[in-house]
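Peer 1: For reference, the structure I am asking about is given below.
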Amino acid sequence: MAKYGKRSRGSEETQFLRGQIGVDGQALEAEAEEAGREEKDALLRQRAYLGRELFTWLLFRSERGEPIAMLDEEPLTVLLVGRTVLRGISGDASEVSAKGQLSAYAKIVKEALAEGLLVHQTRLRIQCGEQVFETTIDAERFAFRSAELPELLSEEEDERINERLFLAEKLVRCFDGLWNAFLEVRTNPSWQKTEVPAILKWIASARD
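Residues in the sequence shown are numbered from 81 upward in steps of one, following the numbering used here.
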């Protein structure tokens, strides 16, 4: 019994040093799990906000009709199509939803942006060279839904499967290209000096 107790005390010391139990010997798993959840929630909020900035920036840039990035030496252009949802920052329950093929470019959307809301969910139509992709995506998860790929050219079933997989991968690469283009602008000192003022001027045009 004494031998077992000694090993138990040693185990408790090890657990204490690892932060698994407190000075009273009670497990800290609940606190650790709670802290983990809070950290995860904070990361999700941060990612969601950055995602909303991305979609709002894409909306702004897409009105110019110019390529936003390049992929495999082909230009990437984008349009926001279908239903567009705008939300406020964390803790703000405000939400505006615009429906219609090009509803993202409606006056109501710019008015919502002027009130501090950002694009949270939309449907992207991405054109890479001659190929057109579509997908619904939200700022929190960056998960593609209801994706539409370019028409398959292969005739054999095995080849069609491989082509579909290739195009699905290319859709991801297209989105990554847009994301990287945004990050390059977002992390540049010119973001606050030129890009933000240009976006605010564009938003203010809704009042004209």
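Using N, Cα and C, we set each Cβ at its ideal position, and we do this for glycine too.
Since the model is a prediction, treat every value here as computed from it, not as a measurement.
So what does DSSP say about L198, is it helix, strand or coil?
Peer 2: DSSP places L198 in strand when its eight states are reduced to three.
Peer 1: Between the beta-carbon of L198 and the beta-carbon of A227, is there less than 8 Å?
Peer 2: Taking 8 Å as the Cβ cut-off, L198 and A227 do not qualify as a contacting pair.
Peer 1: Near H200, which residues of its chain fall below 7 Å by C-beta distance, leaving aside the five closest residues on each side in sequence?
Peer 2: Answer for H200: R132, V165, L166, R167, D218 and A219, listed in chain order.
Peer 1: Return the residue from the list F213, L160 and E153 that minimises the CA-CA distance to Q138.
Peer 2: In the sequence as presented, Gln is not what sits at residue 138; that position holds Leu. Here the closest residue by C-alpha is L160.
Peer 1: Check whether the Cβ atoms of T136 and I148 lie closer than 8 Å to each other.
Peer 2: No.
Peer 1: For A278, is the classification buried or exposed, using 16 other Cβ atoms within 10 angstroms of its Cβ as the cut-off for buried?
Peer 2: By the 10 Å Cβ count, A278 comes out exposed.
Peer 1: Roughly how far, in whole angstroms, is the beta-carbon of R205 from the beta-carbon of E214, given that I think they are within contact range, below 8 Å?
Peer 2: At roughly 5 Å, the Cβ-Cβ gap stays under 8 Å, so R205 and E214 are in contact.
Peer 1: Taking a contact to mean a Cβ-Cβ separation below 8 Å, would you say A194 touches A286 in this structure?
Peer 2: Their beta carbons are under 8 Å apart, which means A194 touches A286 by this criterion.
Peer 1: In terms of residues, what are the limits of the beta strand (DSSP E) holding E237?
Peer 2: That residue, E237, is in no beta strand (DSSP E); its alpha helix (DSSP H) goes E237 to R266.
Peer 1: According to the neighbour-count rule (16 or more other Cβ atoms, all chains shown, within 10 Å of its Cβ), is L123 buried or exposed?
Peer 2: Only weak support exists for where L123 lies, its pLDDT of 48 falling under 50; the coordinates are left without a value.
Peer 1: Identify which residue in Q181, L247, R244 and E153 has its Cα closest to the Cα of T209.
Peer 2: The displayed chain sequence assigns Gly, not Thr, to residue 209. Selected option, being the one with the closest Cα: E153.
Peer 1: Have a look at V176 and G145 and give me their C-alpha separation to the nearest angstrom.
Peer 2: V176 and G145: Cα-Cα distance of roughly 25 Å.
Peer 1: Which of the three DSSP states is assigned to V103 in this structure?
Peer 2: In this predicted model, V103 has a pLDDT of only 45, less than 50, meaning its place in the structure is not dependable; the value taken from the coordinates is given anyway. V103: coil per DSSP, three-state reduction.
Peer 1: Going by beta carbon distance, what residues of the same chain come within less than 6 Å of Q207, once the five residues before and after it are set aside?
Peer 2: Around Q207: T157.
Peer 1: If you run the structure through DSSP and keep just helix, strand and coil, what is L166?
Peer 2: Note: L166 maps to strand in three-state DSSP.
Peer 1: Measuring straight from C-alpha to C-alpha, what distance separates N260 and E236?
Peer 2: One C-alpha to the other measures close to 35 Å.
Peer 1: What would DSSP say about S174, mapped onto helix, strand or coil?
Peer 2: In the structure shown, S174 sits in coil (DSSP, three-state: anything other than H, G, I, E or B).
Peer 1: Would you report the Cα separation of P202 and D238, rounded to the nearest angstrom?
Peer 2: The residue you asked about is not Pro; residue 202 is Thr in the sequence shown. When rounded, the distance between both Cα atoms is 33 Å.
Peer 1: In the DSSP assignment, find the beta strand (DSSP E) that holds I283 and state where it starts and stops.
Peer 2: Careful: I283 lies outside any beta strand (DSSP E), inside the alpha helix (DSSP H) at V276 to A284.
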